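Visitor: Which chain is which? The protein sequence lines are B and D, in order. Mind the numbering: the first sequence is residues 1 to 305 in the working numbering, read in order. Mind the numbering: the second sequence is residues 306 to 610 in the working numbering, read in order. Sharing a structure below in structure tokens format, with a few things to ask.
There are 2 protein chains.
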Amino acid sequence: MDENRIVAALRRRTAPTARGMTLGIGDDCAIFRPSGARDELVFTTDMLIEDVHFRAATHRPAEIGWKALARGLSDIAAMGATPRFCLLSLALPEWAGSPWIQRFYGGLLKLAQLHSVTLAGGDLAHASTLLCDIVVCGSLPRGTALRRAGARPGDFVYVSGALGGAALGLESGKGAAWRRHLKPEPRIALGLYLRETLRASAAMDLSDGISLDLKRLCLESGVSAELNEPIPVFHGATLDHALHGGEDYELLFTVRPGTKVPATHAGLPLTRIGTIRAGKPGNVALFGRPLAARGYDHFRDRTGV
Amino acid sequence: MDENRIVAALRRRTAPTARGMTLGIGDDCAIFRPSGARDELVFTTDMLIEDVHFRAATHRPAEIGWKALARGLSDIAAMGATPRFCLLSLALPEWAGSPWIQRFYGGLLKLAQLHSVTLAGGDLAHASTLLCDIVVCGSLPRGTALRRAGARPGDFVYVSGALGGAALGLESGKGAAWRRHLKPEPRIALGLYLRETLRASAAMDLSDGISLDLKRLCLESGVSAELNEPIPVFHGATLDHALHGGEDYELLFTVRPGTKVPATHAGLPLTRIGTIRAGKPGNVALFGRPLAARGYDHFRDRTGV
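This is the structure we're talking about:
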């Protein structure tokens, strides 16, 4: 059993049937079009769990709060949307007292303010381990959302930033890589640029490693992909970190051939790494050889933090 | 530290500042008004946690799935809204394999279909204990949501159904009371009736016991309340169950004096139990004596399931 199979089974049993529901399970966000509204709304939900995504001993409460929201914002960025508000569910163990809670919300609200996101509600409960689940709602003009399903053969594959930093940080526990693991920067401005200016054909955020995430994008688009240019690797990280490491929260996107993609956007490198092909859906090759999807899958991997 | 204090501290640090955000922390749902849209959207998020809200040994997966959604739908009912779609985050321990997951979603989707709610997405992860967090979005015409803050002195206080059944069921583990605990029926139709026809002045759902929930409604409205008529008690339950027991998921509401409230709505009894007064905000009296708020508070109580 892996996560893709659980999600696939669920999709067969559900469908975006509600009036206004234009995209259901299977992308970074669900899309809802309120009747009469100018904009569409996108929704994502993302858990951050003690001893899976962080450890109480090594992660400060403000860092956990920041990251809880950052993960949700990264999904909003992947759709090319502007984040609007969030709700937070927080299950707290005994050890998380009032000072911990204050600092946690401090970190979360700091990132929320940076992106003008309102914390609009949520739920609180006690539990044996700490878990936060963030819901973020974003908005964008009707019919313009960047989806995983839009890649076509001949499109070029790009990635933002450098990959493998968070995985290296998790191993080493120090330096720029550790900070990268602790404090991801959701690529909201880049997402807007991809949607409005570059009109990217598909996009998603890199949360589980490009080998797994690119496969997911290809499956949704019904295409395969060939990685035939050097992948930008975070300083000090290995190619394995970059290919299979999770939590980079960079954007993976495709553009139609002929699209002029600048070398950077607001200082963030944009690197062409491959091409979309018409082959078997979901197949990814690295310089001509099949690339196994070894990214982080919650239902296959047990290594945790 | 109790839940009310955590929420109050959080409200001081946040405010519904996002464009279109008309109600933030402190009610059953947050309210968002998409620009140009005819309707407002309401959002709620609600956790259901192993060994806090249920036990794997005594609760079947389909019952847990049903209840996870029912709790969210109950908040939607309290606003007088029509539910539209939901997202589910599910943290799964090792013991919850594929059959368990299938049955869990079976129970959730059965209730979703009854109310034409689309499961539009969510998140999956592994964790040491099982936790589900449901997000439900509902809609209603602008400016018509039933809020906790609308009660005024002289209004009458009503409750739907009979109280204390879920608390009795939790104790006894059998009969109609146990089924009541297992399978709450969210009062969606009643919520619509309260908003459209009775034009209730305030409403909320009874999730933590009326002694605590009515206090919360009074605090939001800046009023006190006097319970001066018999409270409808679930067959076999005690007055203590009815006053302080959680998870009844009935609706508590207030109406302006002179409002004609029928004895039942679609077979569900509606009972007048008290009157709103101008006294100290949050004070609740039962036949002239102060009623202590002993309902379930996650941050004060440790008894669990």
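The beta carbon of each residue, even a glycine, is placed where N, CA and C say it ideally should be. As the structure is a computational prediction, the values presented were derived from the model and not from experiment.
Under a Cβ-count criterion, where at least 16 other Cβ atoms within 10 Å of its own Cβ denotes burial, should A68 (chain B) be classed as buried or exposed?
Guide: By 1-based counting over the first sequence, the position of residue 68 (chain B) is 68. Classification of A68 (chain B): buried, given that the 10 Å Cβ count is 16 or more.
Visitor: For G496 (chain D), does the count of other Cβ atoms within 10 angstroms reach 16, so buried, or fall short, so exposed?
Guide: Along the second sequence, one-based indexing puts residue 496 (chain D) at 191. Classification for G496 (chain D): buried.
Visitor: I'd like the span of the beta strand (DSSP E) that includes Y158 (chain B), first residue to last.
Guide: If you number the first sequence from 1, residue 158 (chain B) lands on position 158. First-last of the beta strand (DSSP E) with Y158 (chain B): 156–160.
Visitor: Taking E226 (chain B) as part of the beta strand (DSSP E), name the residues at either end of that continuous run.
Guide: The residue you call residue 226 (chain B) lines up with position 226 of the first sequence. Element bounds for E226 (chain B): 224–227.
Visitor: Ends of the beta strand (DSSP E) at E345 (chain D)?
Guide: Working through the second sequence from its first residue, we reach residue 345 (chain D) at position 40. Run containing E345 (chain D): 344–354, per the beta strand (DSSP E) assignment.
Visitor: By how many angstroms is the C-alpha of G329 (chain D) removed from the C-alpha of R338 (chain D)?
Guide: By one-based count along the second sequence, residue 338 (chain D) stands at place 33. By one-based count along the second sequence, residue 329 (chain D) stands at place 24. Approximately 12 angstroms, taken between the alpha carbons.
Visitor: Counting contacts by CB-CB distance shorter than 8 angstroms, is M326 (chain D) in contact with chain B?
Guide: Reading the second sequence from its first residue, position 21 is the one you call residue 326 (chain D). It does; some Cβ of chain B falls within 8 angstroms.
Visitor: I want to see whether chain D comes within less than 8 angstroms of D46 (chain B), judged by CB atoms only; does it?
Guide: Start at 1 with the first residue of the first sequence, and residue 46 (chain B) comes out as number 46. Taking Cβ atoms only, chain D reaches closer than 8 angstroms to D46 (chain B), which makes this a yes.
Visitor: If the criterion is Cβ atoms closer than 8 angstroms, does the pair T118 (chain B) and G72 (chain B) meet it?
Guide: Start at 1 with the first residue of the first sequence, and residue 118 (chain B) comes out as number 118. Start at 1 with the first residue of the first sequence, and residue 72 (chain B) comes out as number 72. Cβ distance not < 8 angstroms, so T118 (chain B) and G72 (chain B) don't count as in contact.
Visitor: Which class does T502 (chain D) belong to by DSSP, given the choice of helix, strand or coil?
Guide: In the second sequence, residue 502 (chain D) corresponds to position 197, counting from 1. Looking at T502 (chain D) - three-state DSSP - the assignment turns out to be helix.
Visitor: How would you write the range of the beta strand (DSSP E) that C442 (chain D) sits in, first residue to last?
Guide: Reading the second sequence from its first residue, position 137 is the one you call residue 442 (chain D). It spans 436–446 - the beta strand (DSSP E) in which C442 (chain D) sits, taken as one unbroken run.
Visitor: With a threshold of 8 angstroms between beta-carbons, can V441 (chain D) be considered close to chain B, or not?
Guide: Walking along the second sequence from the start, residue 441 (chain D) turns up at place 136. Not closer than 8 angstroms to any Cβ of chain B, the Cβ of V441 (chain D) fails to qualify, so no.
Visitor: Could you compute how far the alpha carbon of A382 (chain D) sits from the alpha carbon of Q407 (chain D)?
Guide: Sequence index remark: in the second sequence, residue 382 (chain D) carries index 77 (1-based). Sequence index remark: in the second sequence, residue 407 (chain D) carries index 102 (1-based). Using only the alpha carbons, I get a separation of about 27 angstroms.
Visitor: Using CA atoms only, rank isn't needed, just tell me which of D:S394, D:K415, D:L435 is closest to W400 (chain D).
Guide: Here residue 400 (chain D) is taken as the residue at index 95 of the second sequence, counted from 1. Nearest option by C-alpha distance: D:L435.
Visitor: Distance check for L87 (chain B) and V347 (chain D), CA to CA, integer angstroms please.
Guide: Taking the first residue of the second sequence as 1, we reach residue 347 (chain D) at position 42. Taking the first residue of the first sequence as 1, we reach residue 87 (chain B) at position 87. The alpha-carbon atoms of V347 (chain D) and L87 (chain B) are separated by roughly 12 angstroms.
Visitor: Using 8 angstroms as the limit for Cβ to Cβ distance, is A598 (chain D) near chain B?
Guide: Stepping through the second sequence from its first residue, residue 598 (chain D) is reached at position 293. No, A598 (chain D) lies away from the interface with chain B (no Cβ there is under 8 angstroms from its Cβ).
Visitor: Take I493 (chain D) as the anchor and find which of D:H570, D:A396, D:R599 has the nearest alpha-carbon.
Guide: Within the second sequence, numbered from 1, the residue matching residue 493 (chain D) stands at position 188. Taking only the C-alpha atoms, the option nearest I493 (chain D) is D:H570.
Visitor: How about W66 (chain B) and L124 (chain B): do their beta carbons lie closer than 8 angstroms?
Guide: Working through the first sequence from its first residue, we reach residue 66 (chain B) at position 66. Working through the first sequence from its first residue, we reach residue 124 (chain B) at position 124. No, the Cβ-Cβ distance between W66 (chain B) and L124 (chain B) is not below 8 angstroms.
Visitor: Do the region 281–294 of chain B and the region 174–182 of chain B touch if we need at least three Cβ pairs shorter than 8 angstroms?
Guide: Judged by Cβ distances under 8 angstroms, the region 281–294 of chain B makes no contact with the region 174–182 of chain B, as fewer than three pairs qualify.
Visitor: Quick check on the burial criterion: 16 or more other C-beta atoms within 10 angstroms. Buried or exposed for F592 (chain D)?
Guide: Along the second sequence, read from residue 1 onward, the residue named residue 592 (chain D) stands at position 287. Exposed: under 16 other Cβ atoms inside 10 Å.
Visitor: Given that T319 (chain D) touches chain B, what residues does it touch there, using C-beta distances under 9 angstroms?
Guide: Working through the second sequence from its first residue, we reach residue 319 (chain D) at position 14. Those are Y105, L109, A112, T118, L119, A120, listed as they occur along chain B.
Visitor: Name the two residues that bound the continuous beta strand (DSSP E) containing G579 (chain D).
Guide: Residue 579 (chain D) sits at position 274 when you count from the first residue of the second sequence. That run of the beta strand (DSSP E) goes 573–582.
Visitor: On the premise that R148 (chain B) lies in contact with S221 (chain B), defined as a C-beta separation below 8 angstroms, what is that separation, rounded to the nearest angstrom?
Guide: Along the first sequence, one-based indexing puts residue 221 (chain B) at 221. Along the first sequence, one-based indexing puts residue 148 (chain B) at 148. 7 angstroms between Cβ atoms; contact.
Visitor: Excluding the 5 residues preceding and the 5 following I273 (chain B) in the sequence, name in chain order all residues of the same chain whose CB lies nearer than 6 angstroms to its CB.
Guide: Position 273 of the first sequence, counting from 1, holds the residue named residue 273 (chain B). V157, V159, L227, E229, I231.
Visitor: Shortest alpha-carbon distance to A177 (chain B) belongs to which of B:R195, B:T144, B:G121, B:A242?
Guide: As a working mapping, residue 177 (chain B) is identified with position 177 in the first sequence. Ranking B:R195, B:T144, B:G121, B:A242 by Cα distance to A177 (chain B) puts B:A242 first.
Visitor: Under three-state DSSP, which class holds L111 (chain B)?
Guide: Here the question's residue 111 (chain B) lines up with position 111 in the first sequence. Of the three classes helix, strand and coil, the one that applies to L111 (chain B) here is helix, per DSSP.
Visitor: Report yes if the C-beta distance between I64 (chain B) and F104 (chain B) is below 8 angstroms; otherwise report no.
Guide: Walking along the first sequence from the start, residue 64 (chain B) turns up at place 64. Walking along the first sequence from the start, residue 104 (chain B) turns up at place 104. Contact flag set, yes.
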